[in-house]
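Working notes, structure below.
Protein chains: 2
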Amino acid sequence: MTAQVIPLHAPSSAPSLAPILALTAADMNAVNAVILERMQSEIPLIPALAGHLIAGGGKRMRPMLTLAGALLCDYQGTRQHKLAAAVEFIHTATLLHDDVVDGSDLRRGKTTANIVFGNPATVLVGDFLFSRAFELMVEDGSLKVLRILSRASAVIAEGEVDQLTAQRHVETSEERYLAIIGAKTAALFAAACRIGAVVAEKGEAEERALEVYGRNLGIAFQLVDDAIDYDSPAEEMGKGRGDDFRDGKMTLPVILAYARGSEEERGFWREAIAGFAISDADLAHAVALINRHDAVQATRERARHFAARAIDAIAAFPRGAAHAAMVEAAEFAVMRRY
Amino acid sequence: MTAQVIPLHAPSSAPSLAPILALTAADMNAVNAVILERMQSEIPLIPALAGHLIAGGGKRMRPMLTLAGALLCDYQGTRQHKLAAAVEFIHTATLLHDDVVDGSDLRRGKTTANIVFGNPATVLVGDFLFSRAFELMVEDGSLKVLRILSRASAVIAEGEVDQLTAQRHVETSEERYLAIIGAKTAALFAAACRIGAVVAEKGEAEERALEVYGRNLGIAFQLVDDAIDYDSPAEEMGKGRGDDFRDGKMTLPVILAYARGSEEERGFWREAIAGFAISDADLAHAVALINRHDAVQATRERARHFAARAIDAIAAFPRGAAHAAMVEAAEFAVMRRY
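Quick look at the structure:
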């Protein structure tokens, strides 16, 4: 196993987020200042709870994409700062609600807000951040941005409900899975990217190109997220990983292992996804089946396809630091191990 | 007791919602059509869950106020229909989240959505309706309306979190209580009314007058809601009433009974609000203490004050059916028994 992993980590050749982080560093400072300022409230529990998740880090991929998109469009102004913060607030609100929905206890290696502050406060602070996001957009004043992000928010909620409906249904198809992640994850990536072109007041073609980049990148990103949940050495499984398995979520590694499996293997998956076989031993067996059918590798291959489409979507933009960084970010999305 | 109650029910003199219902009936049909159309989704669970609450009725006070406000401003168009639906969607989203937050099992005499469909779906469908509300506003295209309702939504969430923080704190003051209901309830009443003047493109003075009407009406409405929770014959308590008591919510009847109570009575309230004395017998004792100190009556008197301010706020508008109906709605808010 170790011998296979090393090439992906090879520092000289592995794609990384370093270029896009460097590209957007100055703007991201401005965005972080907006985030910190606008998560405040006279009700002390609100910044305490919001700060718990926001200070916990995360890659801030979505606001970073708004910033990178604006730079790709050679935008010189500052409108993207408030709007990137709005994008991150929408994302943070959905994370808070997701943790309540899933009953999660760990996110980004940290105890989740719902465990520390309780479900009620977590739901309500999510609502607050969501409202704040719209206040930021209103301050910017673009109806086009408001249209893009209100639509994306409705689609995200639909995707989350759809995922809930598919949960514990072993017959979920790859097509339905792609529809779910297209809504729950890729819609916000697409909107975040498109807004970069909107603030730059580029034409419809540039807006659409960035939207397609974001949508495909979002799908690749989620595919790899779902692969990673089954992509650890067996002895490490169960330590914060395997959540999807225990929750009976039909992600692509499981869908493929089930589709490619023997009748006996399918019997195991039916039990497991229904919630009747979710012990650590069951998880180890699930990982073994997924490995037997190369389902993690196949999931990453699917991700590679969407990342390639993302990269081609922005082919018409001028070459330069922004373009190179966004291409590498898409390559990173496929290769990443975290 | 019965002799005191009868005059309030006297059909010849009691204020009612009949005039405002008649005034807005035609417009409300249009609003209901928007609500039914826009709660649809390709994900079947969404209209099923949203419809459970929306079909359950309720007074639709908030959209009705948008409609009445527009009529008071002699508005002839149809913009208010989508915006009133947006107001109702925001309200419905907060009700869904409230029921999750409070762990309620009954609303409007019906099993709550969180019990029928579970907390996860209820949280997510609330998010969907909230997003839909903003989509409706974007379609209307008024940044002013978007500003008013995004601000109101943030204030509502702050009020809900503040209420959560005050829960089980027997020392909550009347001032803090008024701040909480001003945020969690009156902010949306105020916004709903103000939008009536916005679509009519009246001036700032008319907008402010309607906002003040809505804010004071909302406070009166919530005060009476909180009074009603303790305003039933003792033998009927516990059948869907007394929820605030069991949840340890410091509403004005309790705040006043505690403030006016003996040291022994305060001891009881400390135990009860902390959650250590919430049996049916304790609830009956709480009602007896509230009656001893006329705390329900005093709460209604406070409501009468805010209703009077609401009525005076719209004194400068032309007399007519809309004005008379809105005055009577404010009077009804104080007198209502349901």
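So the sequences go chain by chain: A and B.
Residues in the first sequence are numbered consecutively from 3, following our numbering.
Residues in the second sequence are numbered consecutively from 3, following our numbering.
By construction, the Cβ of each residue, glycine as well, lies at the ideal position given by its N, Cα and C atoms.
- Amino acids of chain A, ordered along the chain, whose beta-carbon sits closer than 8 Å to that of B/L166: In the second sequence, the residue the question calls residue 166 of chain B occupies position 164. Simply L47, P122, A123 and L126.
- Looking at the C-beta of A/A194, does it have a partner C-beta in chain B at a distance below 9 Å? On the first sequence, residue 194 of chain A is found 192 positions in, with the first residue counted as 1. Interface residue (Cβ-Cβ distance to chain B less than 9 Å): A/A194 is not classified as such.
- Item | Within 7 Å of chain A by C-beta, residues of the segment 147-179 of chain B in sequence order | L148, R149, S152, R153, S155, A156, A159, E160, E162, V163, D164, L166 and T167
- Run down chain A in chain order and give the residues with a C-beta less than 7 Å from the C-beta of B/V140. Residue numbering aside, residue 140 of chain B sits at position 138 when the second sequence is read from its first letter. In chain order: L145, L148, R149 and S152.
- Item | Coarse secondary structure for A/T124, derived from DSSP in three states | Position 122 of the first sequence, counted from the first residue, corresponds to residue 124 of chain A. Correct three-state label for A/T124: helix.
- Taking only beta-carbon atoms, is A/F247 less than 9 Å away from chain B? The residue you call residue 247 of chain A lines up with position 245 of the first sequence. Not closer than 9 Å to any Cβ of chain B, the Cβ of A/F247 fails to qualify, so no.
- Message: Can you pull the chain B neighbours of A/R134, defined as C-beta to C-beta under 7 Å?
- Response: As a working mapping, residue 134 of chain A is identified with position 132 in the first sequence. Here the neighbours are A156.
- Bridge partner(s) assigned by DSSP for B/K112: The residue labelled residue 112 of chain B in the question sits at position 110 within the second sequence. Partner(s): B/R109.
- Output, in sequence order along the chain, the residues in the segment 36-68 of chain A whose CB is closer than 9 Å to any CB in chain B. S43, E44, I45, P46, L47, I48 and L51
- Message: Measuring straight from C-alpha to C-alpha, what distance separates B/D233 and B/V298?
- Response: Counting from 1 along the second sequence, the entry for residue 233 of chain B is found at position 231. Counting from 1 along the second sequence, the entry for residue 298 of chain B is found at position 296. The C-alpha of B/V298 is placed about 7 Å away from the C-alpha of B/D233.
- Query: Could you give the C-beta distance for B/A315 and B/V336, rounded to a whole number, given that I count them as a contact under 8 Å?
  - Reply: In the second sequence, residue 315 of chain B corresponds to position 313, counting from 1. In the second sequence, residue 336 of chain B corresponds to position 334, counting from 1. Incorrect: roughly 15 Å between the Cβ atoms, too far for contact.
- Three-way DSSP call (helix, strand, coil) for A/C195 in this model: Here residue 195 of chain A corresponds to residue number 193 of the first sequence, with the count starting at 1. DSSP places A/C195 in helix when its eight states are reduced to three.
- Interface residues of the segment 94-107 of chain B facing chain A [CB-CB below 7 Å]: H99, V102 and V103
- To the nearest angstrom, report how far apart B/R321 and B/M66 are at their CA atoms. For the purposes of this step, residue 321 of chain B is taken as the residue at position 319 of the second sequence. For the purposes of this step, residue 66 of chain B is taken as the residue at position 64 of the second sequence. C-alpha separation (whole angstroms): 19 Å.
- Does the Cβ of A/A70 lie closer than 8 Å to at least one heavy atom of the ligand ATP? Ligands in the displayed structure: none, and consequently the ligand ATP is not present.
- Smallest Cα separation from B/D228: which of B/A202, B/V103, B/E176 and B/R134? As a first step, residue 228 of chain B must be located in the second sequence, where it is residue number 226. That would be B/E176, whose Cα lies nearest to the Cα of B/D228.
- Task: Using the Cα positions of A/L148 and A/L69, report the straight-line distance between them to the nearest angstrom.
- Result: To locate residue 148 of chain A, count along the first sequence from 1; it is residue 146. To locate residue 69 of chain A, count along the first sequence from 1; it is residue 67. Cα to Cα, the separation comes out at about 17 Å.
- Assuming A/A374 and A/I158 form a contact by the criterion Cβ under 8 Å, report the distance between their Cβ atoms to the nearest whole angstrom. Any answer about residue 374 of chain A is impossible in this case: the structure gives chain A only from 3 up to 340.
- When we look at the beta-carbon of B/M3 and count the other beta-carbons within 10 Å, is it buried (16 or more) or exposed? The count along the second sequence starts at 1 and reaches residue 3 of chain B at position 1. Residue confidence is low: B/M3 scores 35 on pLDDT, short of 50, so the model does not pin down where it sits. Its coordinate-derived value is still stated next. Looking at its Cβ environment, which holds fewer than 16 other Cβ atoms inside 10 Å, B/M3 is exposed.
- What residue from B/E44, B/M30, B/A72 and B/L258 has the CA that sits closest to B/R62's CA? Taking the second sequence and counting its residues from 1, one reaches residue 62 of chain B at position 60. Of the candidates B/E44, B/M30, B/A72 and B/L258, the one whose C-alpha sits nearest the C-alpha of B/R62 is B/M30.
- Task: Run the CB neighbour count on B/S133, radius 10 Å, all protein chains shown included, and call it buried at 16 or more, exposed below.
- Result: Locating residue 133 of chain B in the second sequence gives position 131, counting from the first residue. Buried, by the Cβ-count rule.
- When DSSP labels each residue in this structure, what does A/R338 get in the three-state scheme? Here the question's residue 338 of chain A lines up with position 336 in the first sequence. Residue state, collapsed to three classes: coil.
- Item | Host alpha helix (DSSP H) of B/P49 (start-end) | Taking the first residue of the second sequence as 1, we reach residue 49 of chain B at position 47. Element bounds for B/P49: L47 to I56.
- Expressed to the nearest angstrom, what Euclidean distance is found between the alpha-carbon atoms of B/G71 and A/V103? Here the question's residue 71 of chain B lines up with position 69 in the second sequence. Here the question's residue 103 of chain A lines up with position 101 in the first sequence. Distance between the alpha carbons of B/G71 and A/V103 is about 38 Å.
- Item | Unbroken alpha helix (DSSP H) run spanning A/S155, endpoints | The sequence position of residue 155 of chain A within the first sequence is 153, counting from 1. Residues L145 to A168.
- Report the residues of the segment 201-224 of chain A with a CB closer than 9 Å to any CB of chain B, ordered along the chain. none
- Query: Which stretch, first to last residue, makes up the alpha helix (DSSP H) that contains A/D246?
  - Reply: Walking along the first sequence from the start, residue 246 of chain A turns up at place 244. Unbroken alpha helix (DSSP H) run through A/D246: D245 to R248.
- Taking Cβ to Cβ, would you say B/A259 is nearer than 9 Å to B/E267? Here residue 259 of chain B refers to the residue found at position 257 when the second sequence is read from its first residue. Here residue 267 of chain B refers to the residue found at position 265 when the second sequence is read from its first residue. Contact: yes.
- Does DSSP classify B/L19 as helix, strand or coil? In the second sequence, the residue the question calls residue 19 of chain B occupies position 17. Coil.
- Query: Taking A/D142 as the reference, which of A/K84, A/A202 and A/I221 has the closest Cα?
  - Reply: The residue labelled residue 142 of chain A in the question sits at position 140 within the first sequence. Ranking the options by Cα distance to A/D142, first place goes to A/K84.
- Keeping to the same chain, check which residues put their C-beta closer than 8 Å to that of A/G343; ignore five residues upstream and five downstream. This structure leaves residue 343 of chain A out entirely; chain A is present only between 3 and 340.
- Classify A/A181 as helix, strand or coil using the three-state DSSP reduction. Counting from one through the first sequence, the residue named residue 181 of chain A turns up at place 179. Helix at A/A181.
- Query: Under 9 Å between the Cβ atoms of B/E330 and B/S18?
  - Reply: Counting from one through the second sequence, the residue named residue 330 of chain B turns up at place 328. Counting from one through the second sequence, the residue named residue 18 of chain B turns up at place 16. Cβ atoms of B/E330 and B/S18: closer than 9 Å.
- Going by beta carbon distance, what residues of the same chain come within less than 8 Å of A/V166, once the five residues before and after it are set aside? As a first step, residue 166 of chain A must be located in the first sequence, where it is residue number 164. Reading off the sequence shown, one finds Leu at residue 166 of chain A, where the question assumed Val. Once the five neighbours on either side are set aside, the close Cβ partners of A/L166 are V103.
- Query: For A/R64 versus A/I230, is the C-beta spacing smaller than 9 Å?
  - Reply: Sequence index remark: in the first sequence, residue 64 of chain A carries index 62 (1-based). Sequence index remark: in the first sequence, residue 230 of chain A carries index 228 (1-based). Contact flag unset, no.
- Does the pairing of the segment 71-81 of chain A with the segment 199-215 of chain A give three or more beta-carbon distances under 8 Å? yes
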